[in-house]
Every structure is written in structure tokens, then in C-alpha cells.
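Step one of this worksheet: look at the structure below.
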Amino acid sequence: MDSAPSGSRIGYLPDPDQTLMKVVIAGPFGVGKTTLIRTLSEIPTLHTEEVMTETGAPVDDTAGLPDKTTTTVAVDFGRLTLPGQLVVYLFGTPGQRRFFPLWKDIARGALGAVVLADTRRLAESFEIMDMVEEQGLPYAVAVNCFPDAPAHSAEVLRKHLDLHPDTPLVLCDARERRTSAEALIALAEHVLHGLPQEQR
């Protein structure tokens with residue numbers, strides 16, 4: 049095989065000046081994980097969505113989600129480059145309990161997680177946050193502001209979610225690039241702040 053011309057760079061290899069970060073996008077069923085990754089990714093996203101059927105009705109609670117017709121059954125994937133040559137690889141996980149063993153495999157090697165929450169179903173976020181903490185991952189919570197969801201201040205949400213004072217919390221719209229990116233930036237800053245000085 050011929051070698052690449054001197055001074056050229058093969059486009060698909062990582063730039064050695066970039067910092068690569070694997071991030072898990074987690075959250076309950078129907079909270080907007082797939083939408084957030086589609087919104088943020090600078091590359092065509094990979095999705096493993098399937099149409100929901102009557103067979104899954106007993107285990108997939110669609111209460112409050114009348115328009116929900118598909119569900120992620122494996123992984124969503126996207127990529128985003130942030131200022132400072134930070135490249136974030138986004139791995140979205142299924143939100144149903146039956147996929148939790150797969151969740152652990154997807155989370156392996158991640159530097160942190162964004163946990164999406166919905167104010168209409170805040171209690172469903174606790175199990176996800178427990179899983180993230182069990183994996184030892186730092187995380188940020190991003191409350192996805194659905195149009196018909198009750199609005200609460202960040203202070204009230206922190207109290208109801210029982211968040212550690214250091215855990216970032218942001219409000220976002222998973223359909224909107226700017227606020228979704230703010231969730232990732234909050235997580236990146238949280239992770240980098242926790243690293244030893246020589247690894248930053």
C-alpha cells in the first residue's frame with residue numbers, strides 16, 4: 049500500500065491535538081435522548097429505533113407520551129466538536145429497564161453522562177441517576193423542557209432531584225442546538241474540573 053504524501057493527514061484518523069471524550073446520554077423512556085443526539089451531532093447519526101408494538105405495551109409505559117411510536121433498542125450515536133478541540137462522542141442508551149445490561153456495556157469507558165429528565169415524570173430519573181452513580185460516572189442533569197411540561201426553577205428541580213451541590217443542572221430543549229450544547233459543556237467542565245491538573 050502506498051504511504052500518504054508527506055505532510056498530509058488521513059481525514060478519518062483523530063487529530064492528535066484533539067481531546068476525545070465519550071459521553072453517555074441517559075434518561076427514562078421517551079425523555080428525548082434520540083432527539084438531543086440528532087440535534088447536536090455534526091455527522092449523520094446512527095440510530096437503532098424500532099416501531100413500538102402491542103406486544104411491548106405491558107412493559108413500555110407510554111402514559112403522558114401520546115405521540116411516542118418508536119423506541120431505541122440498542123444505541124444512538126453522534127459526534128460533536130466543542131471549542132478547545134474537544135471532540136465528544138455521544139452514545140444514547142435505551143431507557144427501559146430490560147435494556148439495563150446493555151446500558152452498562154455502552155457506559156464502559158465513558159468519561160461522563162448527561163441525564164435527561166422530564167418535569168412531568170421526574171421520579172423516573174432516580175433509577176437512571178442511580179445507575180450512572182453505580183458506574184462511577186460524573187454526570188450533569190439536563191431537564192428537557194417539553195411545551196406542555198410544568199416549569200420549575202433550577203433551585204426547585206435540584207431539591208426534587210436531590211442533586212449533590214456539585215452536580216450541574218441545566219434547562220434545555222432537545223430540539224434546540226444551543227441549549228442542548230450547554231448541557232454538554234456543563235458536563236465537560238464538570239468532568240475536566242474533576243481531573244488531576246496534569247490530565248487537564
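Position one of the sequence shown corresponds to residue 49 (my numbering), numbered consecutively onward.
The beta carbon of each residue, even a glycine, is placed where N, CA and C say it ideally should be.
query                                                                                                        : result
Run of the beta strand (DSSP E) containing R127, from where it starts to where it stops                      : D124 to L130
Segment limits, alpha helix (DSSP H) that includes L240                                                      : R225 to G242
Under the three-state DSSP convention, the category I154 falls into                                          : helix
Any alpha helix (DSSP H) of 4 or more consecutive residues that is wholly inside the stretch 153-202         : 173-182
Range of the contiguous alpha helix (DSSP H) that encloses T87                                               : K81 to L88
F77 in three-state terms, based on DSSP                                                                      : coil
Close beta carbons around G132, own chain, < 8 Å, minus the five adjacent residues each side                 : T67
Extent of the continuous beta strand (DSSP E) to which L217 belongs                                          : L217 to C220
As assigned by DSSP and simplified to three states, the class of L68                                         : strand
Backbone CA spacing between E237 and G157 [nearest angstrom]                                                 : 18 Å
CB contact flag (L138, G126, <8 Å)                                                                           : yes
contact_flag[the stretch 222-230, the stretch 82-90] where n(CB pairs < 8 Å) is 3 or more                    : yes
Selection from F194, N192, A188 and A231 that minimises the alpha carbon distance to D210                    : A188
Rounded straight-line distance, which links the Cα of T93 to that of K116                                    : Unreliable positioning characterises K116 in this predicted model, as indicated by a pLDDT of 49, which lies under 50. The coordinate reading is nonetheless provided below. Computed Cα separation, rounded: 20 Å.
CA nearest to the CA of F194, picked from L128, L130, D166 and K81                                           : D166
Sequence-distant residues of the same chain with beta carbon closer than 8 Å to P198, five excluded per side : T167 and R168
Same chain, Cβ closer than 7 Å to T83, neighbours up to 5 away in sequence not counted                       : A222 and R223
Inter-residue spacing [alpha-carbon to alpha-carbon] between A234 and D196                                   : 25 Å
Continuous beta strand (DSSP E) stretch holding L211: start and end                                          : From DSSP, L211 is part of no beta strand (DSSP E); its letter is neither H nor E.
Residue from L164, V218 and D124 with nearest C-alpha to P12                                                 : With the chain running from 49 to 248 in the structure shown, residue 12 is simply not present.
Extent of the continuous beta strand (DSSP E) run through L134                                               : L134 to G140
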